[in-house]
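The sequence shown runs contiguously to residue 863 in this note's numbering. Okay, so here's the structure we're looking at.
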Amino acid sequence: MAGSVLWAVGALAAGVLQVFTSSTGSINRDLGPLLSQEAQIYLPGSEGFSNATTRWSAAARPDFKAIVKVKTEADVQHTIKYANEHNYPFLAISGGHGQTSALNNIHGGIGIWMRGMKGVKISHDGGVASVQGGIENGELVRALWSQGKQTVTTGCDCAGFIGPVMGGGHGWLQGRYGLPADNLMSARMVLANTTVISVSETSHKDLFWAIRGAGHNFGIFTEIDIKVYDRRPEQDQWAALGLTFTHDKLEKVFAIANSWLQSPNRPVELTHYGTVSLNPDINIRMPVITFWIYWQGSTIPKSYTEPLYALNPVSVDSSVTDLAGVNTHLAAAYGMAACWTGYSRQLYPVSLNSWPLANLRGLLEIFASMPSAFRSSIVLLEAYATNRVSEIPSESISYPDRGGQLLISPLLTYAANASLDEEAFSIGKRIRNMLLNGIDEPLIAYVNYAHGDESLEAVYGYESWRLEKLRRLKAEYDPHKKFNFYVPIT
Ligand SMILES: Cc1cc2nc3c(=O)[nH]c(=O)nc-3n(C[C@H](O)[C@H](O)[C@H](O)COP(=O)(O)OP(=O)(O)OC[C@H]3O[C@@H](n4cnc5c(N)ncnc54)[C@H](O)[C@@H]3O)c2cc1C
Ligand SMILES: *[C@@H]1O[C@H](CO)[C@@H](O)[C@H](O)[C@H]1NC(C)=O
Ligand SMILES: *[C@@H]1O[C@H](CO)[C@@H](O)[C@H](O)[C@H]1NC(C)=O
Ligand SMILES: *[C@@H]1O[C@H](CO)[C@@H](O)[C@H](O)[C@H]1NC(C)=O
374 MAGSVLWAVG ALAAGVLQVF TSSTGSINRD LGPLLSQEAQ IYLPGSEGFS NATTRWSAAA
434 RPDFKAIVKV KTEADVQHTI KYANEHNYPF LAISGGHGQT SALNNIHGGI GIWMRGMKGV
494 KISHDGGVAS VQGGIENGEL VRALWSQGKQ TVTTGCDCAG FIGPVMGGGH GWLQGRYGLP
554 ADNLMSARMV LANTTVISVS ETSHKDLFWA IRGAGHNFGI FTEIDIKVYD RRPEQDQWAA
614 LGLTFTHDKL EKVFAIANSW LQSPNRPVEL THYGTVSLNP DINIRMPVIT FWIYWQGSTI
674 PKSYTEPLYA LNPVSVDSSV TDLAGVNTHL AAAYGMAACW TGYSRQLYPV SLNSWPLANL
734 RGLLEIFASM PSAFRSSIVL LEAYATNRVS EIPSESISYP DRGGQLLISP LLTYAANASL
794 DEEAFSIGKR IRNMLLNGID EPLIAYVNYA HGDESLEAVY GYESWRLEKL RRLKAEYDPH
854 KKFNFYVPIT
């Protein structure tokens, strides 16, 4: 008896080994010749494999048996066809900043590494840029800027650009031009069955609605057309002022910010952005609040700065930069902390319309009592201008939270150690509950930050027609649920 069990285990192990070697052998043999000259196949152990699979958060662990660095749309088609034939799951990888939990459901997959596709071409009339699917945000900012253009780009250089667009997106110029997704004109997509379609207001119109908020569910974007705008010399500069306050100023700082949010004449130039973090040099136990004002222009009006100076910040940092430099203040430019890899990170987003003054202190208390393993964590407190965002009809795209003003997101940060994931999860949930305490609204969670445990309504909207429409489109365009690794519509 024991002998035959042992034998069975041995046979199983040998069988697994055989399948493994023959499958990795076969990807080079079977897929390799079909790919374009510059495409690459990387197997575990290679530098390319390691580069493609090293993610912003080490807590996101999609598991791959091979990486295909694609260079052309046909490469994407061939790779999907190959994966489908072998019944391997597949996943596009661009900036690698995605951290939602469904990414962990991919086992033995094929990674379709988009970083070989990062071209930008501006149309003759100068109003539209064709942007390839694997570009990083910082690359797009620079490519446009050097040609006298800009668009609604986001707050982190090293994140992908298509990623934010697929989830609606939030970025510096949204007050003037709407969300990144509002600026999408059309997209070329490879569907799960390898068919390529062009999606726009005149082609696959319903899908065009869906990909602007729930795009991860439907296909791989090889190229998008996005509106671009002329730089205007008088708008090129961004003044930034960062003030760090001790915890006792918390409510006063955010009461000032609430008065800005509630003002009927909120200037399009004004964005504010804070963080909560621990800084033992300032206070050994309690977190500090760093509050940034960003003003599109060379000087922030005194009416915004003076009330904050009056609260006696412990330190002040200021500069005037341009759109390419503005991410430095968030430590989110190339090479800076927000771009470092090697840490586990989990986000727990809560969207609100005003700073929840009564709950922020509880948030600080949770922070003050976190075990030492989590003391590099921060809370992101984002308030981009929303002027243009709120003028666009809510039903026009699938992004559901057009009226939202704020993104409040605890970002649990800790050493890459899976045994800490559960504890980070419980701290994140406590902070999320604290933020919503006593607020008569259900959770709204921005899809691009979503942890993955939220309800689909929290992510895709509470109006029932939204999920109904998304589910119908999911059944039509992805009937076999191949694109189910990023807040999947179920
Ligand atoms: C430090 C940091 C700062 C951020 N700042 C902002 C911000 O200012 N504004 C904002 O809106 N969001 C922001 N985000 C969130 C960001 O939108 C998401 O993390 C987004 O998923 C990142 O895309 P990526 O290409 O870097 O990640 P990836 O993990 O490579 O991709 C994310 C998901 O998109 C899919 N995907 C990638 N490329 C394609 C493609 N070409 N076609 C189809 N699917 C694709 C992937 O398969 C995956 O499911 C930030 C995130 C971080 C970590
Ligand atoms: C891996 O990344 C390093 C650092 O960016 C780079 O120098 C190297 O060329 C990359 N190699 C591959 C195969 O992608
Ligand atoms: C991971 O975290 C656990 C729990 O805190 C700890 O016991 C263990 O030593 C850590 N492992 C490493 C490699 O740091
Ligand atoms: C692929 O799916 C799309 C959307 O459902 C459909 O229109 C198309 O005909 C399919 N292509 C093939 C080759 O079946």
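Quick reminder that beta carbons are idealized off the backbone N, C-alpha and C, glycines included. Model, not experiment: these values are computed from the prediction.
Do residue i and ligand 1 come close, with the Cβ less than 7 Å from some heavy atom?
i, result
"A711", "yes"
"I817", "no"
"I535", "yes"
"G469", "yes"
"W633", "no"
"T786", "no"
Measure the C-alpha to C-alpha separation of residue i and residue j and round it to an integer number of angstroms.
i, j, result
"L408", "V441", "9 Å"
"I485", "V601", "28 Å"
"N760", "L780", "16 Å"
"L829", "V762", "23 Å"
"Y455", "M743", "47 Å"
"S474", "Y850", "23 Å"
"D579", "G588", "12 Å"
"D603", "L416", "43 Å"
"H853", "G834", "24 Å"
"L784", "Q608", "32 Å"
"T394", "M490", "With a pLDDT of only 46 at T394, under 50, the local geometry of the prediction cannot be trusted, and the value read off the model is given with reservation. T394 and M490: Cα-Cα distance of roughly 29 Å."
"P815", "E796", "24 Å"
"A704", "H577", "39 Å"
"K444", "L517", "21 Å"
"G471", "A433", "8 Å"
"V649", "G801", "14 Å"
"V752", "S782", "5 Å"
"V860", "L733", "28 Å"
"G528", "E841", "32 Å"
Considering only residues of the same chain and omitting the five flanking positions on each side of residue i, which have a CB-CB separation below 7 Å?
i, result
"K847", "N590 and I862"
"M558", "V501, S573, D598, I599 and K600"
"F422", "Y415, L416 and I440"
"H702", "A613, G615 and W665"
"V563", "E446, V449, Q450, I453, V569, G592, I593 and T595"
Within this structure, are the beta carbons of residue i and residue j separated by less than 8 Å?
i, j, result
"H620", "N656", "yes"
"A746", "A788", "yes"
"P856", "G670", "A quick correction: the sequence has Phe, not Pro, at residue 856. Cβ distance not < 8 Å, so F856 and G670 don't count as in contact."
"T694", "G615", "no"
"G482", "D555", "no"
"P722", "Y822", "yes"
"L651", "R748", "yes"
"R428", "G492", "no"
"F858", "N478", "yes"
"R369", "E596", "Lying before the first or after the last residue shown, residue 369 is absent from the chain, which here runs from 374 to 863."
"P553", "V514", "no"
"L736", "L808", "yes"
Quick check: is any heavy atom of ligand 4 less than 7 Å from the C-beta of residue i?
i, result
"E849", "yes"
"N590", "no"
"T868", "Given that the chain is displayed from residue 374 to residue 863, the structure contains no residue 868 and the question cannot be resolved."
"L736", "no"
Just curious, the beta strand (DSSP E) that residue i is in, first and last residue?
i, result
"F664", "V661 to Q669"
"P318", "Past the edges of the chain, shown from 374 to 863, lies residue 318, and the structure says nothing about it."
"H459", "First-last for H459: E446 to H459, but that is the alpha helix (DSSP H), not the beta strand (DSSP E)."
"Y716", "Y716 to L720"
Taking 8 Å as the limit between beta carbons, can you name the residues of its chain near residue i, skipping five residues before and five after?
i, result
"Y677", "W633, L643, I666 and W668"
"Y707", "G511, D530 and C531"
Please find out if some non-hydrogen atom of ligand 3 comes closer than 7 Å to the beta-carbon of residue i.
i, result
"S749", "no"
"L557", "no"
"S792", "yes"
"A432", "no"
"A746", "yes"
Need the endpoints of the alpha helix (DSSP H) that residue i sits in, please.
i, result
"L580", "K578 to A587"
"Q635", "L623 to Q635"
"L809", "D794 to L809"
"E841", "S837 to Y850"
"R561", "Note, R561: premise wrong, no alpha helix (DSSP H); beta strand (DSSP E) at L557 to V563."
"K675", "K675 to Y682"
Skipping 5 residues on each side, what residues in its chain have a beta carbon closer than 6 Å to that of residue i?
i, result
"Y757", "H543, Q547 and T644"
"K356", "Coverage of the chain is limited to positions 374 through 863, which leaves residue 356 absent and any answer about it impossible."
"S727", "N631 and L634"
Is any heavy atom in ligand 2 found nearer than 7 Å to the beta carbon of residue i?
i, result
"N401", "no"
"E512", "no"
"G421", "yes"
"N821", "no"
So does residue i have its beta carbon nearer than 7 Å to some heavy atom of ligand 6?
i, result
"T575", "For the structure depicted, ligand 6 is absent and the ligand set comprises only ligand 1, ligand 2, ligand 3 and ligand 4."
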